[in-house]
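Data block below; observations after.
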Amino acid sequence: MSDDALHVFLSQYSPQVRELALAARALILSAFPAALELVDAPSKIIAYGTGRRYADLVCAIAPFTFHVNLMFSRGSSLPDPAGLLQGSGKRARHVSLTALEDLSHPALRALLEAALKT
39 MSDDALHVFL
49 SQYSPQVREL
59 ALAARALILS
69 AFPAALELVD
79 APSKIIAYGT
89 GRRYADLVCA
99 IAPFTFHVNL
109 MFSRGSSLPD
119 PAGLLQGSGK
129 RARHVSLTAL
139 EDLSHPALRA
149 LLEAALKT
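Okay, structure coming up:
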């Protein structure tokens, strides 16, 4: 994916949300450098996975007005001793990020690494 497509997608959000989304992207790519990164504008997410199918999805960034959700496609099966994961769906879970400091929580990196193994 081109950086242009990413920046066009993120341009609809506030500078704070853009900064948070880009920082989340950096964290994801540091843990998952081989990720296929796709902007899914209709779903309003930036998806990361091993391929283009939904079954290949590992995680995604979902920007909102005042925060960013870091979504895990198989979050219900991830170990979460710190209790960061939210949601009640059958499979997916998310971590709500409201500040850059949220991205430095060691348990968040552990969730990403566990997601790569599922």
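Heads up: the sequence shown begins at 39 in my numbering, then just goes up one per residue. Cβ atoms here follow ideal geometry from the backbone N, Cα and C, with glycine treated the same way.
Collapsing the DSSP output to three states places His105 in coil. When the five nearest sequence neighbours on each side are left out, the beta carbons in the same chain lying within less than 8 Å of the beta carbon of Ala69 are those of Arg147, Leu150, Glu151, Leu154, in order along the chain. Pairing Arg129 with Ser142 gives a Cβ-Cβ distance that is not under 9 Å.
CA-to-CA, the gap between Gly127 and Ser111 works out to about 10 Å.
For Ser68, the enclosing alpha helix (DSSP H) starts and ends at 53-69. In this structure, Val96 keeps its C-beta atom at 9 Å or more from the C-beta atom of Phe47. For Glu151, the enclosing alpha helix (DSSP H) stretches over residues 144-155.
The continuous beta strand (DSSP E) containing Ala85 extends over residues 83-87. Per DSSP, Leu44 is one residue of the alpha helix (DSSP H) stretching across 41-48.
In the three-state DSSP reduction, Ser134 falls in the strand class (E or B).
Ala120 sits in coil when the DSSP states are folded into three classes, being neither helix nor strand. Residue nearest to Tyr92 within the set His45, Leu74, Val106, Asp42 is Leu74 (criterion: CA-CA distance).
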